[in-house]
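Contents: one structure, followed by commentary.
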Amino acid sequence: MRDSSDWRRNFPSSTAALWLLGLAFTAVHLLAGTRYGFHRDELLTYSNARDLQWGYVVYPPLTAFLGRVELILFGTSLLGFRFFAAIACGLVTFLSGLMARSMGGSRRAIFVSAFAASIGGAVFFTGSFMSYMSFDVLWWVAVAWCVVRLLETEDPRWWLGIGLFIGLGLMTKYTIAFFAISLLIGMLLTPNRRYLRSPWFWCGLGLALLIFAPNLLWQYQHHFVGLDWMRSIHARDVGLGRGKNFLLNQFWSASNPVTVPLWLAGLWFLFARPEGNRWRLIGWMYVLTLVAFMAANARDYYLAPAYPMLIAAGAVWSEDRFASLTPSWKTRLLYYTPWSRLVIGGAVVAGLILPFAPVNSRWWRVQDTVTGQLNMQIGWPELAATVAQVRDSLPESDRAAAGIMASDEGEAGAVNLYGSAYGLPRAISGMNSNWLRGYPDPPPQVVIAVGFPPDQLDRIFASCRPAVQLSNPWGISNEIFRGTEKVYVCRNIRSPWPVFWKNFQSYG
Numbered sequence: 001m002r003d004s005s006d007w008r009r010n011f012p013s014s015t016a017a018l019w020l021l022g023l024a025f026t027a028v029h030l031l032a033g034t035r036y037g038f039h040r041d042e043l044l045t046y047s048n049a050r051d052l053q054w055g056y057v058v059y060p061p062l063t064a065f066l067g068r069v070e071l072i073l074f075g076t077s078l079l080g081f082r083f084f085a086a087i088a089c090g091l092v093t094f095l096s097g098l099m100a101r102s103m104g105g106s107r108r109a110i111f112v113s114a115f116a117a118s119i120g121g122a123v124f125f126t127g128s129f130m131s132y133m134s135f136d137v138l139w140w141v142a143v144a145w146c147v148v149r150l151l152e153t154e155d156p157r158w159w160l161g162i163g164l165f166i167g168l169g170l171m172t173k174y175t176i177a178f179f180a181i182s183l184l185i186g187m188l189l190t191p192n193r194r195y196l197r198s199p200w201f202w203c204g205l206g207l208a209l210l211i212f213a214p215n216l217l218w219q220y221q222h223h224f225v226g227l228d229w230m231r232s233i234h235a236r237d238v239g240l241g242r243g244k245n246f247l248l249n250q251f252w253s254a255s256n257p258v259t260v261p262l263w264l265a266g267l268w269f270l271f272a273r274p275e276g277n278r279w280r281l282i283g284w285m286y287v288l289t290l291v292a293f294m295a296a297n298a299r300d301y302y303l304a305p306a307y308p309m310l311i312a313a314g315a316v317w318s319e320d321r322f323a324s325l326t327p328s329w330k331t332r333l334l335y336y337t338p339w340s341r342l343v344i345g346g347a348v349v350a351g352l353i354l355p356f357a358p359v360n361s362r363w364w365r366v367q368d369t370v371t372g373q374l375n376m377q378i379g380w381p382e383l384a385a386t387v388a389q390v391r392d393s394l395p396e397s398d399r400a401a402a403g404i405m406a407s408d409e410g411e412a413g414a415v416n417l418y419g420s421a422y423g424l425p426r427a428i429s430g431m432n433s434n435w436l437r438g439y440p441d442p443p444p445q446v447v448i449a450v451g452f453p454p455d456q457l458d459r460i461f462a463s464c465r466p467a468v469q470l471s472n473p474w475g476i477s478n479e480i481f482r483g484t485e486k487v488y489v490c491r492n493i494r495s496p497w498p499v500f501w502k503n504f505q506s507y508g
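Read in order, the letters of the sequence shown correspond to residues 1 to 508 in UniProt numbering.
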């Protein structure tokens, strides 16, 4: 293994090549990013971006803030709305290569690490659409890179970087707290506990808390509604069995089968090899987070951001093993096999995840079966157009008093995004942060209800009639479009609006 200072002699060329690789992954996602339409979760982000707060029911505020910046820069362009997610994917590629370089890897190990970290199924998917997961992965990898730099340089000022990225992570998705706690416990299990005496450690901790403080205050002001949402969603996921096979799926969907030998080699290097002692802290960060997520019955993809640091360690150790072998044609074949395997694995994951196939084609159905997400990008403009059609069918006297009520935040977001072209009012909903936004004053006298079962509407209103059935040209079915949903026109709410709204809150 070469000395970690050797990379400085190759700094310009290796850094430029890493940037190019990161830009290549960014470009791939951007080129494929306009094939269909906005994802349901992107419609949630769009609604939140139009109503900036220090927090939301589903997640902290940073994703919505970035979405607002994209709306300012690019308007409602689908490509523009996914721009930062694709950039985040490219930065993950870049930082993964830097980790291998800081751990003493050769140029080949650097690029194996960068490429392999980028083709994990969950990581690769986050570059395809605007989601908090896109930035959650980036902050985890950035924290790991700062920890590696701390271990490489022994410069305690790197705690400021660690604190910065943990703070940004907490403002993106709360699960990074498990990673941060694992870092602290890992310190106690290694000689790195000495940093507890460093003022830079406490400055980093203070920086993370300072960044997170506005959201913590928002949660306090809203009675920690985020915890209620997490309990509800966790109970739903457990009931649906979404936490099953957590460990098995780490070898499949959370990473990539072709990268498994690399990250397993990384674990071996960190815990079983004396030369890995220096970097053992990142091994503990992975193992402790894994145990915590298993105990919590978490979703398998939650751990996906932890694999780039293991892949970096595995790439460095594997390269050192290859370099020590006696040269022969068999050795050379073995030497180049990982690249062939990674290229094939990358092509397969791209073929399964990138949205390029025609809607409802045979391959599209294969992709949708694997990811379960492509169907959530279909039918939203048609939904808004259908609601507008129902509104236009009302008597003129009813149109001015009509409001739109959606059962799901995706439906509400679709009306809010596409409805402006038809002059539709803002949709109201009881789901998540939509409930906090309330209803208009004065409240609507006629309600166009979208996505509700008729028995629920009968409990809310004295009069409801079906107006039209929701559909899309492809006949796609998803969590919202099940082929039986109708748009209703409802009147005469049974309870006063304040009483009704108080009990209308839902999580999803």
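Ideal Cβ placement from N, Cα and C applies to all residues, glycine included.
| query | So, A109 versus A385, is the Cβ gap smaller than 8 Å? | reply | no
| So I119 is in the alpha helix (DSSP H); what residue range does that whole segment cover? | That residue, I119, is in no alpha helix (DSSP H); it is neither H nor E in DSSP.
| Through-space distance from P261 to P338, alpha-carbon basis | 9 Å
| request: Can you grab the Cα-Cα spacing for the pair E382 / N297, in whole Å? | output: 37 Å
| query | Secondary structure at F461, three-state DSSP: helix, strand or coil? | reply | It is a strand residue.
| message | When you compare the CB positions of A414 and V123, do they come within less than 8 Å of one another, or not? | response | no
| Within the chosen definition, does the region 386–394 reach the region 52–62 through at least 3 CB pairs nearer than 8 Å? | no
| request: Go ahead and label Y220 buried or exposed: buried means 16 or more other beta carbons lie within 10 angstroms of its beta carbon, across all protein chains shown. | output: exposed
| Anticipated Cβ contact below 8 Å, G22 with G120, distance rounded | Actually they do not touch by this definition, with Cβ atoms about 15 Å apart.
| What did DSSP end up calling I378 once you bin it into helix, strand or coil? | Looking at I378 - three-state DSSP - the assignment turns out to be coil, as it is neither helix nor strand.
| said: Rounded to whole angstroms, what is the Cα-Cα separation between F83 and I493? | reply: 43 Å
| field | Cβ neighbour criterion (16 or more within 10 Å) applied to K486 | value | buried
| task | Output the boundary residues of the alpha helix (DSSP H) element that contains Y220. | result | P199 to Q221
| Cα separation between D368 and G33? | 16 Å
| message | Quick check on DSSP: helix, strand or coil for R236? | response | Helix, per DSSP.
| Where I476 sits in the DSSP three-state scheme | Residue state, collapsed to three classes: coil.
| query | Which residues mark the beginning and the end of the alpha helix (DSSP H) in which V147 is found? | reply | Y132 to T153
| said: For L44 and V489, what's the separation of their Cα atoms in angstroms? | reply: 24 Å
| task | Going by DSSP, name the residue or residues bridged to R491. | result | V446 and S463
| query | Skipping 5 residues on each side, what residues in its chain have a beta carbon closer than 6 Å to that of F25? | reply | If the five residues before and after F25 are omitted, its C-beta is found closer than 6 Å to the C-beta atoms of C89, G90, T93 and S118, all from its own chain and listed in chain order.
| Cβ-based neighbour list, F125, same chain, cut-off 7 Å, excluding 5 preceding and 5 following | I353 and T371
| said: So, for N249: in the same chain, excluding its five sequence neighbours on each side, which residues have a beta-carbon less than 6 Å away from its beta-carbon? | reply: D300
| For W139 versus G169, is the C-beta spacing smaller than 8 Å? | yes
| What number of angstroms, rounded off, separates the C-alpha of L470 from the C-alpha of L183? | 49 Å
| request: Taking all protein chains shown into account, decide if W252 is buried (16 or more other Cβ within 10 angstroms of its Cβ) or exposed. | output: The residue is exposed, with fewer than 16 neighbouring Cβ atoms inside 10 Å.
| query | Going by DSSP, what residues sit across from A406 in a beta bridge? | reply | S429 and V450
| According to DSSP, residues forming a beta bridge with Q505 | Paired residues: none, contrary to the question.
| Buried or exposed: which applies to K244, given that a residue is buried once 16 or more other Cβ atoms fall within 10 Å of its Cβ? | exposed
| query | Can you pull the DSSP bridge partners for V387? | reply | For V387, which the question treats as bridged, DSSP gives no partner whatsoever.
| Residue of S134, V28 and C146 minimising C-alpha distance to W279 | Looking at S134, V28 and C146, the one whose alpha-carbon comes closest to that of W279 is C146.
| field | Delimiting residues of the alpha helix (DSSP H) encompassing S47 | value | R40 to A49
| message | In this structure, how does DSSP classify V468 when only helix, strand and coil are distinguished? | response | DSSP places V468 in strand when its eight states are reduced to three.
| field | N-terminal and C-terminal residue of the alpha helix (DSSP H) that V359 is part of | value | Premise fails: V359 is in no alpha helix (DSSP H) and is neither H nor E.
| query | Alpha carbon to alpha carbon, how far is Y439 from I428? | reply | Those two C-alpha atoms are separated by around 6 Å.
| For the alpha helix (DSSP H) that W159 lies in, which residues bound it at each end? | W158 to L170
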